[in-house]
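S.K.: Mapping to our numbering: the sequence shown position 229 is 322, numbers consecutive. Before we start, here is the structure in question, set down as structure tokens.
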Amino acid sequence: MLNFTVGPVQSEDYVREIGSEQVPYFRTPEFSEVMFENERLVLKFAKAAEGSRAVFITGSGTASMEASVINTLTKNDKAIVVNGGSFGHRFSEILDIHKIPHDDITLETGKALKKEHLSAFEGKGYTAFLVNVHETSTGVHYDMDLISDFCKRNGIFLIVDAISSFLADEFDMARLGADIMLTGSQKALACPPGVSIIVTSPRALKRIEAADAGCMYLDLKRALSNGERGQTPFTPAVGTLLQINARLKKIDEAGGVEAEIKRINGLAEYFREKIKAFPFETVSESPSNAVTSLRPTNGVSAYSIFTVLKDEYKIWVCPNGGELKEKILRVGHIGALTMRDYDELFKALEDMRARKLI
Numbered sequence: 094m095l096n097f098t099v100g101p102v103q104s105e106d107y108v109r110e111i112g113s114e115q116v117p118y119f120r121t122p123e124f125s126e127v128m129f130e131n132e133r134l135v136l137k138f139a140k141a142a143e144g145s146r147a148v149f150i151t152g153s154g155t156a157s158m159e160a161s162v163i164n165t166l167t168k169n170d171k172a173i174v175v176n177g178g179s180f181g182h183r184f185s186e187i188l189d190i191h192k193i194p195h196d197d198i199t200l201e202t203g204k205a206l207k208k209e210h211l212s213a214f215e216g217k218g219y220t221a222f223l224v225n226v227h228e229t230s231t232g233v234h235y236d237m238d239l240i241s242d243f244c245k246r247n248g249i250f251l252i253v254d255a256i257s258s259f260l261a262d263e264f265d266m267a268r269l270g271a272d273i274m275l276t277g278s279q280k281a282l283a284c285p286p287g288v289s290i291i292v293t294s295p296r297a298l299k300r301i302e303a304a305d306a307g308c309m310y311l312d313l314k315r316a317l318s319n320g321e322r323g324q325t326p327f328t329p330a331v332g333t334l335l336q337i338n339a340r341l342k343k344i345d346e347a348g349g350v351e352a353e354i355k356r357i358n359g360l361a362e363y364f365r366e367k368i369k370a371f372p373f374e375t376v377s378e379s380p381s382n383a384v385t386s387l388r389p390t391n392g393v394s395a396y397s398i399f400t401v402l403k404d405e406y407k408i409w410v411c412p413n414g415g416e417l418k419e420k421i422l423r424v425g426h427i428g429a430l431t432m433r434d435y436d437e438l439f440k441a442l443e444d445m446r447a448r449k450l451i
């Protein structure tokens, strides 16, 4: 099987080998040292400000999206959400569930965020801004400098879901003034799913300390307190955290976040150049390195292309759901992939074209 989805992605052999081992007991000094190193390297790669902390949640990215909201925002806040796809909509849903006032910037599929979208919100008393910097459902990567400048001008608390963008696209948390950054184990970290990470700035830490999360499992005060001793308040996904540790160390040894971004960018550029020979158009006005979203130009169902590749060629690309199911498919560039892997995908697409399936 070749996996070009956006997560879970393919893992390196050394990561998979850890997954085959017996899971060790974790209330030990040895595991605490692993967690201290995990936090140090995540903060380093996120370029977080001094005094920032990282929390490891055993739960998908949505768990950390919700934890970030309930631990830092209240009904007295007034939020802006960039809603350009299913994951932007998820932030909006979370705010609705917890009755936090918000307004959405609703974008058409594949469209970039522009200055004019923000101008209507200038000086209107908004206190929080929530964005999925890479809207994974459409492949759009939003202009973080534009968002950062807007939030700084207006004194707005900035929550950034970088779940599929972290390690794939440049992100300097301190320079951007981001207060919270989220990521997940199954994206560019290329580990199994089940762990999400919340990086918190000093300003976010103050909000968390003052907050009443109203829950136990996602209470970040508990998580931060336990993190001071290299532990988690509840039993974590121990094996996955060990795999994350190995992956972070390997990235660090190979040149750090800059080298990893360059590697992923090279794969994205290789794919985007070669796909021009096939009947697809790219969807995103501002694509992330992590994924390319494609729309068939000859009326063929995007979902049928996904199905044929999966069933007949043992190649997985990423389908979409809802109204985009038949219109858009996505090809990822994160995980343990090589240019040879893409050549196999192009060989399959060439065969499908000869069979008049695309």
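Even glycine gets a Cβ: it sits at the ideal position worked out from N, Cα and C.
What does a CB cutoff of less than 8 Å around Q324 pick up in its chain, not counting 5 residues either side in sequence?
M.R.: Translated into positions along the sequence shown, residue 324 becomes position 231. Cβ neighbours of Q324 beyond the five flanking positions: F119, R120, F124, S125, M128.
S.K.: Among the residues of its own chain, which have a CB less than 6 Å from the CB of A139, if the five just before and after it don't count?
M.R.: Position 46 of the sequence shown holds residue 139. Within the same chain, A139 has close Cβ partners M266, M274, V292.
S.K.: Suppose the cutoff is 8 Å on Cβ atoms and the five residues either side in sequence are ignored; what does the same chain contact list for S153 look like?
M.R.: Looking up residue 153 in the sequence shown gives position 60. Closer than 8 Å at the Cβ level, and outside the excluded window around S153, lie G277, P286, G287, S289.
S.K.: Could you please give the first and the last residue of the uninterrupted beta strand (DSSP E) stretch that includes F184?
M.R.: Taking the first residue of the sequence shown as position 1, residue 184 is located at position 91. Careful: F184 lies outside any beta strand (DSSP E), inside the alpha helix (DSSP H) at 179-190.
S.K.: What's the C-alpha gap between I163 and L134?
M.R.: Here the question's residue 163 lines up with position 70 in the sequence shown. Here the question's residue 134 lines up with position 41 in the sequence shown. Spanning the two alpha carbons is a distance of roughly 26 Å.
S.K.: Could you have a look at L37 and say whether DSSP puts it in helix, strand or coil?
M.R.: One cannot answer for residue 37 here, as it falls past the ends of the chain, which runs 94 to 451.
S.K.: Which of the three DSSP states is assigned to E374 in this structure?
M.R.: On the sequence shown, position 281 is the one that residue 374 refers to. Here E374 sits in strand by DSSP.
S.K.: Assuming S289 is part of the beta strand (DSSP E), what are its boundary residues?
M.R.: If you number the sequence shown from 1, residue 289 lands on position 196. Element bounds for S289: 288-293.
S.K.: Assuming V148 contacts L317 (C-beta within less than 8 Å), just tell me the rounded distance between them.
M.R.: Along the sequence shown, one-based indexing puts residue 148 at 55. Along the sequence shown, one-based indexing puts residue 317 at 224. Yes, they are in contact, since the Cβ atoms of V148 and L317 sit about 6 Å apart, within 8 Å.
S.K.: State the CB to CB distance for the pair V226 and E378, rounded to an integer number of angstroms; the pair is presumed to be in contact (CB under 8 Å).
M.R.: Looking up residue 226 in the sequence shown gives position 133. Looking up residue 378 in the sequence shown gives position 285. Wrong, their Cβ atoms sit about 15 Å apart, outside the cutoff.
S.K.: Return the residue from the list N413, Y363, G203, D170 that minimises the CA-CA distance to D196.
M.R.: Start at 1 with the first residue of the sequence shown, and residue 196 comes out as number 103. Of N413, Y363, G203, D170, the residue nearest in Cα terms is D170.
S.K.: Per DSSP, D197 forms a beta bridge with which residues?
M.R.: For this step, residue 197 is matched to residue 104 along the sequence shown. The partner list for D197 (beta bridge, DSSP) reads V174.
S.K.: Identify every run of the alpha helix (DSSP H) within the stretch 269-355, keeping only runs that are complete inside it and at least 4 residues long; order them along the chain.
M.R.: Within the stretch 269-355, the complete alpha helix (DSSP H) runs of at least 4 residues are 295-303, 313-320, 331-346.
S.K.: Hey, R388 and E374: beta-carbon distance below 8 Å or not?
M.R.: Walking along the sequence shown from the start, residue 388 turns up at place 295. Walking along the sequence shown from the start, residue 374 turns up at place 281. Against a cut-off of 8 Å, the Cβ pair of E374 and R388 comes out as a contact.
S.K.: Going by DSSP, what residue range makes up the alpha helix (DSSP H) through R133?
M.R.: Taking the first residue of the sequence shown as position 1, residue 133 is located at position 40. Note, R133: alpha helix (DSSP H), 122-139.
S.K.: How big is the Cα-Cα spacing for M432 and Y363?
M.R.: Here the question's residue 432 lines up with position 339 in the sequence shown. Here the question's residue 363 lines up with position 270 in the sequence shown. C-alpha separation (whole angstroms): 7 Å.
S.K.: Three Cβ pairs or more, each shorter than 8 Å: is that satisfied between the stretch 213-232 and the stretch 173-187?
M.R.: Flag = yes, the stretch 213-232 and the stretch 173-187 touch.
S.K.: Can you give the Cα-Cα distance for E443 and K449, rounded to whole angstroms?
M.R.: Along the sequence shown, one-based indexing puts residue 443 at 350. Along the sequence shown, one-based indexing puts residue 449 at 356. Cα to Cα, the separation comes out at about 10 Å.
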